[in-house]
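Going by the numbering used here, the sequence shown opens with residue -14, and the numbers climb by one from there.
Backbone N, C-alpha and C define an ideal beta-carbon position, used for all residues, glycine too.
Some notes on the structure that comes next.
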Amino acid sequence: MNLPEHLTIIEAAEMKEQFAEALNNGPQLEMDLSRLQRVDTAGIQLLAAVKKAAQQQGGDIQWQGSSDALFQSARWIGMVEVLGLPE
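As structure tokens, then:
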């Protein structure tokens, strides 16, 4: 699954539906971070919720590519480990 350039409160509702559909296809998700340039707390909370839902179903998120925006924002609010982001 390719994440958009922006994952903020504005995009969160739409992305929540897409994540729910992806989880319906199986709990193991691959997310490509390479396009993600802007993320806010709502976006990080959404990713954390999706990761938790995947884990509850016996899967997880495998991160592909990298996003400095996500890593820096997640680090700022103490969510790097929760999201399982590579350092």
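Between Pro12 and Gln42, which are expected to be in contact by the criterion C-beta below 8 Å, what is the C-beta distance as a whole number of angstroms? 3 Å
How is the alpha helix (DSSP H) around Ile(-6) delimited, first residue to last? -6 to 9 is the extent of the alpha helix (DSSP H) around Ile(-6).
Is the distance from the Cβ of Gly50 to the Cβ of Leu18 below 9 Å? yes
Would you kindly check if the distance between the Cβ of Val24 and the Cβ of Phe4 is under 9 Å? no
Kindly indicate which three-state DSSP category Leu70 falls into: helix, strand or coil? coil
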